[in-house]
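For reference, the structure is listed below as structure tokens.
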Amino acid sequence: MTRTIHWKLGALLSLACVVTGAARSGAAQALPDSAAAGAPVVFRGDTLFRLYGSLGAFSAAERAAAVATRLEHVAAAIGSGADSVTVVDADTHTDLMVGDAVLMSVLDADARAVGRARPEVAAADARTVTVAATAAAAH
């Protein structure tokens, strides 16, 4: 009987350590293998950055494709200086806006995958988009 109690206590302690460690570590919430590499946002043949999280029914790959399509539509305005990319932070995401339109949203999963804070990733992505659109407008 003592062995059974010790075994159950040991199992409960092990479970508590796993649960506590998972709550403290973002790495414990592993991304699926397909998401681990992220989905590239490709603009005119160049990978600008990667998206990792799903947004509602949209997978990271679907989000990346939509961002690339939207960027093609607004690149001339950004590149010419007629419009700019602004960063708007919300509770659960950070939007990159061009005028009144959302170009993309940066999610906590996107930031966690690269080990940075969401606002920091959003600012870097905004700079990357601006540089890419400006370079495209120059050619």
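The sequence shown begins at 685 in my numbering and counts up by one. All C-beta atoms in this analysis are idealised placements derived from N, C-alpha and C, irrespective of residue type, glycine included.
Ignore the nearest five residues each way along the sequence and tell me which others in residue i's own chain have a CB closer than 7 Å to its CB.
| i | result |
| --- | --- |
| D779 | V772, V786 and S789 |
| A752 | V725, V726 and F727 |
Nearest-angstrom Cα distance between residue i and residue j?
| i | j | result |
| --- | --- | --- |
| R734 | D794 | 8 Å |
| G763 | R754 | 14 Å |
| A707 | D792 | Its pLDDT being 32, under 50, A707 is placed unreliably by the model, and nothing is read from it. |
| A820 | A759 | 8 Å |
| E804 | G737 | 16 Å |
| A714 | H823 | Legend: pLDDT at A714 = 45, less than 50; position of this residue unreliable, no value from coordinates given. |
| R796 | G783 | 28 Å |
| T776 | G765 | 29 Å |
| A807 | A801 | 10 Å |
| A817 | D809 | 12 Å |
| A631 | G799 | For the chain, the structure presents residues 685 to 823; residue 631 sits outside this window and is missing. |
| P716 | L739 | Summary for P716: the model assigns pLDDT 48, below 50, so the residue's position carries little reliability, and this model does not support an answer. |
| R747 | D767 | 22 Å |
Identify whether residue i lies in helix, strand or coil by the three-state DSSP scheme.
| i | result |
| --- | --- |
| D773 | strand |
| A723 | strand |
| A801 | coil |
| A785 | strand |
| R734 | strand |
| D767 | coil |
Heavy atom of the ligand MG less than 7 Å from the Cβ of residue i, yes or no?
| i | result |
| --- | --- |
| R811 | Looking at this structure, you won't find the ligand MG or any other ligand, since it has none at all. |
Beta-carbon within less than 6 Å of residue i's beta-carbon, same chain only, minus the 5 sequence neighbours each way: which residues are those?
| i | result |
| --- | --- |
| M781 | T770 and V772 |
Skipping 5 residues on each side, what residues in its chain have a beta carbon closer than 8 Å to that of residue i?
| i | result |
| --- | --- |
| T731 | P724 and V725 |
| A721 | R734 |
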